[in-house]
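Asks: I'd like to ask some things about the structure below.
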Amino acid sequence: MNKEVKEKIDAYRKKLDDSLEQDVLENKDKDINGLISIKKKQIEVSVKNNNKKAKDEKLKELIEGEYSKVDVRAYYVARNDNLLSEYIKVVEKDLKKLLMQYESKKNSEFTNKYKDDVRNEKISSKEELDVKLKTDKEKAIEEETIIRFSLYFRLGDTNNVISDKQKKVVEACEYIVYDNRAEKAKIARQETALNNFYSGYVKNPYLSTYLFNPEKLDTIKAGPSDWLWYLDSLNEKQKEAVRKAVSSNGIFLLQGPPGTGKTQVIAETVAQLIKKGKKVLISSETHKAIDNVFERLPKIAEIVPIRLIPSNNDKKKENEYDPKFLVDNFYLNVSSNMKKQVNRYKNFEKNKLEFAENFDKLKLAKSKIERSQKVLDKANEDIKKFEEKAKDITSQISVLNDKKDLVRIDIDIFRRTKRHIENDNLRPDEDVKADLIVDLRKKLEPLFEKEVYADCELGQLLKNINGIKNDEIERELAIINPESNRTALEIKRREVKAKMDACKDEFDDILPNKQEEYDSLRKQLIAIKKEMDSSEGSSNDDLKLNKIFNYSYLVAYISIIQDTIRTVKDRIIEIKSAFIELLNKDLRSLEEKQDSLDNDISVLKQQIKNINESIIDIQERNDVKDIQEAKYKLENDLIKFFKDFEIAEPYKDVDEGLKIIKRKWSELEDNFQVKEKENKEKIPMYEKIANYITSEDVIEEDRKVFTRDLFGNANVFGITCTSNDRFSGRNVDALSEYNIDEIDIKSVGIDVVIIDEVSKSSFIDLLIPILYGKTVILVGDHRQLPPMYEFSKLRDDDFEGLDDSIINKEINKEFTALYEECFFKTLFEKIPDSYKTMLVQQYRCHEHIMHVFNHFYKGELKLGFAGQNNNKRHNVKLLSNGRNIIEPDKHIYFVNCKQNETHEADSTSMYNTGEARVVVELIRKLNTYFKSHPELEKLSIGVICTYGDQARKVKELLKSEKVKTDAFKTDVEKMIVSTVDDFQGDERDIIILSTVRNPENPKRSDPGFILAYQRINVALSRARRMLVMVGNRKYLEEKGVIDLPDVYGRVGKEQRNFRVYEEILSTIERYGKVIEDIDVLDEKETRING
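Convert by adding 7 to the 1-based position in the sequence shown; the result is the number in this note's numbering.
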């Protein structure tokens, strides 16, 4: 014990000693007075028993004499000893804590000092053990091992819908066989690609430099800017990307954020490369991505495309670019261009008249709007003021709700503490007022002298005292015979047993210097038990009084036991009542505070309701509705005009759009006059040719004649990244049908390989198609999902029985890191600017939604065209519980949910029932709204969940509550409820995102998926018209802190400690709306978890 600790204890001891005499003189300690009262009763009983013949006066004199011998000072000395003992324990505990910290520090120092020696010794021992283990394993594998596999298959689609045909197949199955031929073939192709790369069997000798040392590449210049474009709708950034891609002579990277038209760029690039006489391979991880490119290819005769898919593949049925359709597609490309020119010529006068009439209508509508714009501006200004006021009030409600949650937690703690005291549970647990319980224990402990009461936990002793009834006491006292031999033996047995316990430490082990004494006592105990077994009388072991009193005391003072229990019960009740009254006082204060907060929240909610009614009144005013509808109609008519008259030129606003139309009108007249004579000769010939080559009989006949020739001139090929590179009549029916030789992709002379959606592909998968060409164009978005290694989550026991030299936990970690590194990201960050472009104009969604995921692109994204916002309107106006929760001019929402997450015992996935209920109720309300407004355009909908179990929970609720989805557009885009992984590359008009996370103990939780910025980005960028985010605001904002790399990989431009959800929610508050779970759920439902 160090000097400082000793001084503290000595000071406390002196303090007690100094106050001792004054305490004895005043004698105010209630606990000591209670003990003295019990002692006096014991004296009275003892004197009467010893002087049975004495008269009352004499007895009174004797009793008073004994009373005077009671040493009051001794009680206060004992009390002070107890207080000092408790103080020493606290001080020693603090000292022990300091020692542990010192020990930890020294351990760390020694570990660092000797770690090399220890490691070397471990390595040496491990090598010896590994040799032995390997030998033992080989022997066990050879002689003993039985291998069993558990394979799990998901039947049905992403919504777990199983068709009747599938059910019949499953029911008919007797067993399932795992066919790994495709997997083995894929691994073999990957291995071959790696070997070819290492051996230098590549078409471009500088490939390794392009891929692994791109920073050393020289700057390249794009071709001239006066190109003939096949796709008129390209924006300037897309054109820049095409120029760089076509001009590159080795490698080019296209970073395409969501909805920015990557496929358009690929299609135009292909056309420009074909014009230069190049052969192009289009590849991707998925068939869907390749199909999208083939569908967008310009319909020109120079492009001869082939999609190579084995005939046994289900995808084959949908392949419009199978070799057997070479003639069909060639004739379609030629005829479609001719028919377009024929129609333009024939309908020119009619189109000219319609063009002029519609142009005049647009100009007239524009002038009307300009005259009424002040009305709309004033209305929007008033609405904005109301919304700002509502936002402030909502913030106040949020603050009050947080306060209310804290008060509710305190109330729960106080109520649990009260129940603990009432039930004599005196453990200072985490969920109670531990300091109060400790104080109560200190008040109660002096009541129970060690020599009087049984040795047991204080709370249990209280339960024993309070649990025994008067009739039970009387019955048990009658059983005990103080004069019997058995009672004497029982007392002796207990004394010996207590001495034996004193010979042991806290772990029940015999102390080193007590073994001899313990053995002697054990012999005594055995002898006593034998004597007790042979004596008459029944055992008193089961008596309740045994669990209250020391047996010796119980026997010696049997006559006053009943009074003693009554007295101590009264004191217990008195002390407990004082503490409970203290708790009740605090509880009443807290409950009053809670009621006050409820009243304040109710008043504020009524204010918000009034504000919403005022906003609705403004929006429903005829003059405001008329001008707003006129604006929407003008924007829609402008979009329709551009579409009807095939004007692809982009415009920023209505004014610029009208200028483009005026210019096109002049061009239309000039071009017609210049080409009128030429067209009179060409058009009839075009019409005859187009009609001839689209005749079914002609196409059928020409397939037999020209398919083989066209196949030899094919210049655009499409295969997946891991597809076989050889195709013949054995696996592609059309090749044998038209007598076409085997095709080897490596040998057809591919000049340029374009790989789409590269971000999600591993390097090993990308390498296979990369090796087919001289130049590679990689297209993707490294801000979206990276590659996923399917064995990254293996548990420790999964490695048992495997060859440790080939695969173990550490090796698997290395594999995971290698496989899941986004190669496209690494390359994009290093390669010079002249070899890469990032597209910035997005066409997918409303501007509000774009603002949400624009945080991941440094705010560089902008709208693709002027009428985009109008084109992406959802037109929903949804009221719930008196609040306008969805509005036509707001496209982003956050629903703040309070319920905590949970998970199944055997699952690492999570779900949140409160969020699931909100999601399902939103779907119900939206479906009802669209059903009651059949005049509105039907919209598609999808639900994205950050965890698989949440998706399952939402599906279960949709089914159990029989929620209909028949008012949504589900014919082309089915309603999907799934995880982020299933949604990459997909989109819906309405997306509801459930973030799930809200643990009971946020500080100790691992946020997991919600910090993966690629996942967040994918989830937030799937919506076209409406995005509803459901989650717990407080948890997301507190835990949502990430390090966001710069999109271009620039050093110093990364965003450290980026509070991503704070930014997202701030954006939603600015452009959309934040609402509470109770705004969505029916009023009959109680506040979730609140």
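Even for Gly, the Cβ is constructed at its ideal location relative to N, Cα and C. Remember, predicted model here, so these are calculated numbers, not experimental data.
PHE1144 lies in the beta strand (DSSP E); which residues open and close that run?
Replies: Because residue 1144 is not part of the residues shown, which for the chain are 8 to 1097, the question remains open.
Asks: Is TYR918 helix, strand or coil by DSSP?
Replies: In this structure, TYR918 counts as strand in the three-state DSSP scheme.
Asks: Can you tell me whether TYR460 is helix, strand or coil according to DSSP?
Replies: Reduced to three states, the DSSP call for TYR460 is strand.
Asks: DSSP three-state label for GLN791, please.
Replies: Reduced to three states, the DSSP call for GLN791 is coil.
Asks: Using only CA atoms, which one of HIS855, PHE863, LYS832 lies nearest to HIS881?
Replies: Checked all of HIS855, PHE863, LYS832; the closest Cα to HIS881 is HIS855.
Asks: Round the Cβ separation of ILE480 and ILE568 to the nearest angstrom and send it over; I've been treating them as touching at under 8 Å.
Replies: With 8 Å as the limit, ILE480 and ILE568 qualify as a contact, their Cβ atoms being about 7 Å apart.
Asks: Any idea which residues DSSP pairs LYS844 with across the strands?
Replies: Per the sequence shown, residue 844 should be read as Thr rather than Lys. The partner list for THR844 (beta bridge, DSSP) reads LEU261.
Asks: Grouping DSSP H, G and I as helix and E and B as strand, with all else coil, what is SER1028?
Replies: DSSP places SER1028 in coil when its eight states are reduced to three.
Asks: Identify the continuous beta strand (DSSP E) that holds VAL902 and give its terminal residues.
Replies: From DSSP, the beta strand (DSSP E) with VAL902 extends over 899-903.
Asks: Tell me the DSSP bridge mates of MET1033?
Replies: Answer by DSSP bridge pairing, in chain order: ILE997.
Asks: Within the continuous beta strand (DSSP E) that includes ILE3, where are the two ends?
Replies: The first residue shown for the chain is 8 and the last is 1097, placing residue 3 beyond what the model contains.
Asks: Tell me the rounded alpha-carbon separation between LYS449 and GLY474.
Replies: Approximately 22 Å between the Cα atoms of the pair.
Asks: Can you give me the Cβ contacts of ASN1096 inside the same chain, cut-off strictly under 8 Å, excluding the 5 residues immediately before and after it?
Replies: Unreliable placement is indicated for ASN1096, whose pLDDT of 39 sits below 50; no coordinate value is reported for it.
Asks: In or out: GLU11 buried (at least 16 other Cβ within 10 Å) or exposed?
Replies: GLU11 should be labelled exposed.
Asks: Let me know if ARG790 comes out buried or exposed under the rule of 16 or more other beta-carbons within 10 Å of its beta-carbon.
Replies: So ARG790 counts as buried.
Asks: So LEU929 packs on ILE999, CB below 8 Å; how close in whole Å?
Replies: Confirmed, about 6 Å.
Asks: Mapping the DSSP letters down to three states, classify ILE1095 as helix, strand or coil.
Replies: Because the pLDDT at ILE1095 is just 38, under 50, the model does not fix this residue reliably, and the point stays unresolved.
Asks: Considering only their Cβ atoms, is the gap separating LEU717 from PHE337 smaller than 8 Å?
Replies: Yes, the pair counts as a contact, with Cβ atoms nearer than the cut-off.
Asks: So, using beta-carbon positions, are LYS48 and LEU66 closer together than 8 Å?
Replies: Contact: no.
Asks: Could you spell out the range, first to last residue, of the beta strand (DSSP E) harbouring ASP1013?
Replies: Unbroken run through ASP1013: none, as it is neither H nor E.
Asks: Which partner residues does ASP763 have in the DSSP bridge list?
Replies: Its beta-bridge partners are SER291.
Asks: Spatial neighbours of ASN815 within its chain, please: CB distance less than 8 Å, with the 5 preceding and 5 following residues excluded, ordered by chain position.
Replies: Hits under 8 Å: PHE806, LEU809.
Asks: In three-state DSSP terms, what is GLU942?
Replies: Residue state, collapsed to three classes: coil.
Asks: Leaving out five residues before and five after THR401 in sequence, what residues of the same chain have Cβ atoms less than 8 Å from its Cβ?
Replies: Correct list, in chain order: ILE615, VAL1081.
Asks: Can you give the beta carbon distance from LYS612 to ILE404, rounded, assuming they're within the 8 Å contact cut?
Replies: The pair is a contact, with the Cβ atoms about 7 Å apart (cut-off 8 Å).
Asks: Name, in chain order, the residues that DSSP records as bridge partners for GLY1038.
Replies: The partner list for GLY1038 (beta bridge, DSSP) reads ASN903.
Asks: Which word fits GLY72, buried or exposed, when buried means at least 16 other C-beta atoms lie within 10 angstroms of its C-beta?
Replies: GLY72 comes out exposed.
Asks: So who's on the other strand from PRO312, going by DSSP bridges?
Replies: Paired residue(s): VAL723.
Asks: Out of curiosity, what's the CA-to-CA distance linking SER92 and ARG426?
Replies: Cα to Cα, the separation comes out at about 30 Å.
Asks: Which class does LYS966 belong to by DSSP, given the choice of helix, strand or coil?
Replies: In the structure shown, LYS966 sits in a helix (DSSP, three-state: H, G or I).
Asks: In the structure shown, what three-state DSSP assignment does LYS511 receive?
Replies: Three-state result, LYS511: strand.
Asks: Unbroken alpha helix (DSSP H) runs of length 4 or more, entirely within the segment 559-644: which are they?
Replies: Counting whole runs of 4 or more residues, the segment 559-644 contains the alpha helix (DSSP H) stretches 568-627.
Asks: Going by the CB atoms, is the gap between LEU846 and GLN1021 shorter than 8 Å?
Replies: In this structure, LEU846 does not lie closer than 8 Å to GLN1021 by Cβ.
Asks: State buried or exposed for TYR217, treating a residue as buried only when at least 16 other CB atoms are found within 10 Å of its CB.
Replies: Classification of TYR217: buried, given that the 10 Å Cβ count is 16 or more.
Asks: According to the neighbour-count rule (16 or more other Cβ atoms, all chains shown, within 10 Å of its Cβ), is THR1093 buried or exposed?
Replies: Unreliable placement is indicated for THR1093, whose pLDDT of 41 sits below 50; the coordinate value is still reported in the next sentence. It is exposed - the Cβ of THR1093 has fewer than 16 other Cβ atoms within 10 Å.
Asks: Please report the distance separating the alpha-carbon of LYS874 from that of ARG1011.
Replies: The amino acid at residue 874 is misidentified as Lys; the sequence shows Gly. Approximately 48 Å between the Cα atoms of the pair.
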